[in-house]
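All remarks here apply to the structure that follows.
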Amino acid sequence: MPSAAQDVQRKMESLREKIRHHERLYYVLDRPAISDAEFDRLMRQLKQLEAEHPDLVTPDSPSQRVGGKPREGFVKVPHSSPMLSLDNAYNEQELRDWERRVRELAGHSDIEYVCELKLDGLSMALRYARDEHGKSKIVLGITRGDGSVGEDVTPNVKTIRSVPLSIAAATLKKAGLPQEFEVRGEVVMPLKAFERMNEERERQGLAKFANPRNAGAGAIRVLDSNITAERRLDFYSYFLLVEGRTFLDRQAAALEALSTTGFKVNPNWRLAKNIEEVWRFISSWEQKRDSLGYEIDGVVIKVNDTRLWRELGFTGKAPRWAIAYKYAARSGLTQIEDIQVQVGRTGKLTPVAHLRPVPIGGTTVSRATLHNLDEIERLGARIGDWVTVERGGDVIPKVVSVVEDKDHPRGTKRFHMPERCPECGGHVVRVEGEADHRCVNANCPAKLRESILHFASRSVMNIEGLGDALVNQLCNRGLVKNVADIYRLTKPQLMDLERMGDKSAQNVLDEIEASKALPLERVIYGLGIRFVGERTAQFLAEHFGSMDDLIEAATLKDEAASIAKLEEVEEVGPRIAQSIREFFEEPRNRKLVEDLRKAGLTFKGRKKERGTKLAGQTFVLTGTLANYSREQAKKLIEEAGGRVSGSVSKKTGYVVAGADSGSKLDKARELAVKVIGEKELTDLLGN
1206 MPSAAQDVQR KMESLREKIR HHERLYYVLD RPAISDAEFD RLMRQLKQLE
1256 AEHPDLVTPD SPSQRVGGKP REGFVKVPHS SPMLSLDNAY NEQELRDWER
1306 RVRELAGHSD IEYVCELKLD GLSMALRYAR DEHGKSKIVL GITRGDGSVG
1356 EDVTPNVKTI RSVPLSIAAA TLKKAGLPQE FEVRGEVVMP LKAFERMNEE
1406 RERQGLAKFA NPRNAGAGAI RVLDSNITAE RRLDFYSYFL LVEGRTFLDR
1456 QAAALEALST TGFKVNPNWR LAKNIEEVWR FISSWEQKRD SLGYEIDGVV
1506 IKVNDTRLWR ELGFTGKAPR WAIAYKYAAR SGLTQIEDIQ VQVGRTGKLT
1556 PVAHLRPVPI GGTTVSRATL HNLDEIERLG ARIGDWVTVE RGGDVIPKVV
1606 SVVEDKDHPR GTKRFHMPER CPECGGHVVR VEGEADHRCV NANCPAKLRE
1656 SILHFASRSV MNIEGLGDAL VNQLCNRGLV KNVADIYRLT KPQLMDLERM
1706 GDKSAQNVLD EIEASKALPL ERVIYGLGIR FVGERTAQFL AEHFGSMDDL
1756 IEAATLKDEA ASIAKLEEVE EVGPRIAQSI REFFEEPRNR KLVEDLRKAG
1806 LTFKGRKKER GTKLAGQTFV LTGTLANYSR EQAKKLIEEA GGRVSGSVSK
1856 KTGYVVAGAD SGSKLDKARE LAVKVIGEKE LTDLLGN
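Under my numbering, the residue at position 11 of the sequence shown is numbered 1216, and the numbers go up by one with no gaps.
Next comes the structure, spelled out in structure tokens:
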């Protein structure tokens, strides 16, 4: 005879299975089979039994999606593989150029693509592992962060009802998946949930959120998961990984496996056999995007064959096997009430139009960039004009045209660029041949403020907490006079500032301390050298291997030799090389670097050793090689001192042609560039 405890346990498990089934019908498949009242009744029964038998509560019970006290803070977690952003295409020609490059790099034209709607939300990685009962349960929910390291927001993710808390072994077997895997996708706030939330905030006298993306991102990054649950977020999955790598050999198969396993997959995806079908999908959804119950800002196109992904590889920041097609920016009509100047970290003066507030794509826009004086003159813009404003890439507002008709008369007040910096009163100059005006005062407080914000930003030193409000206070009180002063801040100094208590001050100090361990390329990027972005900083770190060797090359007495040394770095041309030299020749900048060294930042990296056998030679790879993948061949050529380019030109030394070579081979013959096969490449490498 079964015991009373076994009866209760069976009843509880039966209730859990019913609730999980109805959660999937409602939140994943959008096909509810019972009323909300009936669902609530089942949940109440389960909670009552669990309250009476707390020893029988399981971590994956539907009742455990929300619970516990607010946490102390977020823990940072490294990703199993980088969560990279995608390159963008804004028109049909840019999309076709990308597709042509894919075919050329792959060496054949028989390529399928998967088209998926680009959800406007927050990227998330979910990890699942086997539990003691043989199920796979969620163990981590990690934000994208800087792409390499994110934040553990597991309790908040568990409140999202379209996220499975556990998956039965039989279900995984049916989908062909192991019990330990990772799912990546997008957290979004449905439009109905967004509207309800704003209505409630308005009733409470609280400020409304500008758009669903901001509201959703804010809900994920709160320390109290009960608040997250109230926002009614949703999760759509689109990537499947095992040990940080793709598991199935087709993206379409991965989407189907995710759906089989119980994850919510956006149903509006399509397998396209060619670029024509891709374009039809994009055009169709641009017309229908407003019919959806959530925000999208484009379409993501991925090569379907995941085995090709490794061969196609990556650029500095994005995969070559995928691209995001961004729909045309949403626009609005408004009036310029004033034009004021904003000073950036390089001293650049940017005219900013202060606008009569206008809603554009879910956000209220009240300011928009006018870029520079040339752009204002091109537009013919004046204060008082009615203008069309777009959110570029659906994010950055900009003025695109002036409207002139009987209902929208022209403004009368023209804008003049100030001769003195509005921040410090320093002289403003415009170098011949450049569009920008700049403040020449090295001690301009606006430069300092923007430099610190850049240095502390997520893609540089990732010092969370050093935002506008805190940086303004630090600068105004004279606590920081350059970025190195960040590392001299003390707890009493921070606690003396507005809205900074013991705990928040300690959190900032912990973030500052953690930043010291970030790699050399981050430090180089953080210095704010003109024209040196994230990608160039990485190339500099790999080429020189240390800050000292970079400075030595940049400060050689012979300027021509110094420039030549810097131009050896990949993608560094004369203009960038000159800018690097000018930066390090300035004594105050070298003093800043020494202060950062004393603070304990990383000044040594891993130098990318290069041989000399192929020095000065440029190679282009086309077709399929028998014994090397494209990435292997590229790596071997670079290690021997050569360079690999994606296109054939008169400067190309060799085109390496494999099976099914494409248009690059025709181009090589047209330009009389030497064409070699795999055996000749092996001979050149000496392998």
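Beta carbons are placed, not taken as given, at the ideal position from N, Cα and C, and that holds for glycine.
**OP:** Output the distance between the C-alpha atoms of Asn1509 and Lys1478, rounded to the nearest integer angstrom.
**Re:** Taking the straight line joining both Cα atoms gives about 10 angstroms.
**OP:** Look at the Cβ atom of Asp1590, then the Cβ atom of Arg1615, and state whether they are nearer than 8 angstroms.
**Re:** Against a cut-off of 8 angstroms, the Cβ pair of Arg1615 and Asp1590 comes out as a contact.
Subject >> beta-carbon Thr1695 near the ligand PLP non-hydrogen atom, thresh 7 angstroms >> reply: This structure lacks the ligand PLP, and indeed carries no ligand of any kind.
Subject >> Cβ-based burial, Ala1209 [other Cβ within 10 Å; buried from 16] >> reply: Classification of Ala1209: exposed, given that the 10 Å Cβ count is below 16.
Original post:
According to DSSP, what are the bridge partners of Phe1444?
Top reply: DSSP output for Phe1444 lists Arg1389 as bridge partner(s).
**OP:** Look at the Cβ atom of Ser1430, then the Cβ atom of Asn1361, and state whether they are nearer than 8 angstroms.
**Re:** Closer than 8 angstroms, so yes.
Original post:
For the beta strand (DSSP E) that contains Arg1780, what are its first and last residues?
Top reply: Per DSSP, Arg1780 lies in no beta strand (DSSP E) segment; the continuous alpha helix (DSSP H) that holds it begins and ends at Pro1779 to Glu1790.
Original post:
Mind checking Lys1363: buried by the 16 CB within 10 Å criterion, or exposed?
Top reply: Taking a 10 Å sphere around the C-beta of Lys1363, we find 16 or more other C-beta atoms and assign the residue as buried.
Subject >> Spatial distance of Asn1667 from Val1282 (CA atoms) >> reply: Those two C-alpha atoms are separated by around 14 angstroms.
Original post:
On the three-state DSSP scale, how would you describe Asn1681?
Top reply: Asn1681 carries a helical assignment under DSSP once its states are collapsed to helix, strand and coil.
Subject >> Cβ neighbours of Ser1720 in the same chain (closer than 7 angstroms, five flanking residues each side left out) >> reply: If we look at Ser1720 and ignore the five residues flanking it on each side, its Cβ neighbours are Met1666, Asn1667 and Ile1668.
Original post:
Got a sec, what are the start and stop residues for the beta strand (DSSP E) Ile1239 sits in?
Top reply: Per DSSP, Ile1239 lies in no beta strand (DSSP E) segment and is marked neither H nor E.
Original post:
When the distance is taken between beta carbons, is Gly1778 closer than 8 angstroms to Glu1772?
Top reply: At the C-beta level, Glu1772 and Gly1778 come within 8 angstroms of one another.
Subject >> First and last residue of the uninterrupted alpha helix (DSSP H) at Thr1376 >> reply: Run containing Thr1376: Ala1374 to Ala1380, per the alpha helix (DSSP H) assignment.
Original post:
Between Leu1653, Ala1689, Leu1554 and Glu1407, which lies nearest to Glu1624 when the distance is taken from Cα to Cα?
Top reply: Checking every option, the nearest Cα to that of Glu1624 belongs to Leu1554.
Original post:
Can you tell which of Glu1309, Arg1436, Thr1263 and Ala1458 has the C-alpha that lies nearest to the C-alpha of Gly1851?
Top reply: Restricting attention to Glu1309, Arg1436, Thr1263 and Ala1458, the CA atom closest to the CA of Gly1851 is found in Glu1309.
Subject >> Contact set for Asp1212: own chain, Cβ-Cβ below 6 angstroms, skip 5 residues either direction >> reply: Residues of the same chain with their beta carbon placed closer than 6 angstroms to that of Asp1212 are lacking, with the five preceding and five following residues left out of the count.
**OP:** Please determine if the segment 1285-1298 and the segment 1528-1536 are in contact, where contact requires at least 3 C-beta pairs separated by less than 8 angstroms.
**Re:** Using a Cβ-Cβ distance cut-off of 8 angstroms, the segment 1285-1298 and the segment 1528-1536 are in contact, since at least three pairs of beta carbons, one from each stretch, lie closer than that value.
**OP:** Please check the pair Val1633 and Cys1626, which I expect to be a contact at CB under 8 angstroms, by giving their CB distance rounded to whole angstroms.
**Re:** Yes, Val1633 and Cys1626 are in contact; Cβ-Cβ is about 6 angstroms, under 8 angstroms.
Original post:
How close, in whole Å, do the beta carbons of Leu1247 and Leu1220 come, if the pair is a contact with beta carbons under 8 angstroms?
Top reply: About 6 angstroms; that satisfies the 8 angstroms criterion.
**OP:** Would you tell me roughly how many angstroms separate the C-alpha atoms of Pro1562 and Glu1628, rounded to the nearest one?
**Re:** Straight through space, the alpha carbons of Glu1628 and Pro1562 are spaced by roughly 25 angstroms.
Original post:
Got a sec? Which residues, its chain only, sit under 7 angstroms from Ala1759 by beta carbon, not counting five neighbours each side?
Top reply: Excluding residues within five positions, the ones whose Cβ falls inside 7 angstroms are Ser1767, Leu1771, Ile1785, Arg1786 and Phe1789.
Original post:
By DSSP, does Asn1293 sit in helix, in strand, or in coil?
Top reply: Asn1293: strand per DSSP, three-state reduction.
Subject >> CA-to-CA distance, Ile1316 to Leu1331, given in whole angstroms >> reply: Rounded to the nearest angstrom, the two C-alpha atoms are 30 angstroms apart.
Original post:
With a Cβ-Cβ cutoff of 8 angstroms, do Arg1572 and Leu1560 count as a contact?
Top reply: In this structure, Leu1560 lies closer than 8 angstroms to Arg1572 by Cβ.
Original post:
What residue does the alpha helix (DSSP H) around Pro1556 start on, and which one ends it?
Top reply: Taken as a continuous stretch (DSSP letters only), Pro1556 belongs to no alpha helix (DSSP H), being part of the beta strand (DSSP E) at Lys1553 to Ile1565.
Original post:
For Ile1365, which beta-bridge partners are listed by DSSP?
Top reply: Assignment of beta-bridge partners to Ile1365 by DSSP yields no partner.
Subject >> Close Cβ partners of Phe1519 (< 8 angstroms) along its chain, the five nearest in sequence each way excluded >> reply: Cβ neighbours of Phe1519 beyond the five flanking positions: Leu1289 and Arg1525.
**OP:** May I ask which residues mark the beginning and end of the beta strand (DSSP E) holding Ile1316?
**Re:** According to the DSSP assignment, Ile1316 belongs to no beta strand (DSSP E), since it is labelled neither H nor E.
**OP:** Specify whether the segment 1702-1712 and the segment 1721-1729 touch according to this definition: at least 3 beta carbon pairs, one from each stretch, less than 8 angstroms apart.
**Re:** By the Cβ test, the segment 1702-1712 is not in contact with the segment 1721-1729, since fewer than three Cβ pairs between them sit closer than 8 angstroms.
Original post:
To which residues of the same chain is Phe1736 closer than 7 angstroms at the C-beta, ignoring the five residues directly before and after it?
Top reply: Around Phe1736: Arg1780, Ile1781 and Ser1784.
**OP:** With DSSP as the reference, label Glu1353 as helix, strand or coil.
**Re:** Checking the displayed sequence, the identity of residue 1353 turns out to be Ser instead of Glu. Correct three-state label for Ser1353: coil.
Subject >> Residue burial classification, Glu1875 (beta-carbon count within 10 angstroms, cutoff 16) >> reply: Burial call: exposed.
Original post:
Out of Lys1855, Thr1807 and Glu1883, which has the shortest C-alpha to C-alpha gap to Gly1828?
Top reply: Considering only alpha carbons, the answer is Glu1883.
Subject >> Own chain residues within Cβ distance below 7 angstroms of Lys1618, not counting five before or after >> reply: Answer for Lys1618: Arg1587, Ile1588 and Gly1589, listed in chain order.
**OP:** Measure the beta-carbon distance from Asp1325 to Asp1502 and round it to whole angstroms, keeping in mind my assumption that it falls under 8 angstroms.
**Re:** The beta-carbon separation of Asp1325 and Asp1502, rounded to 5 angstroms, stays under the 8 angstroms limit for a contact.
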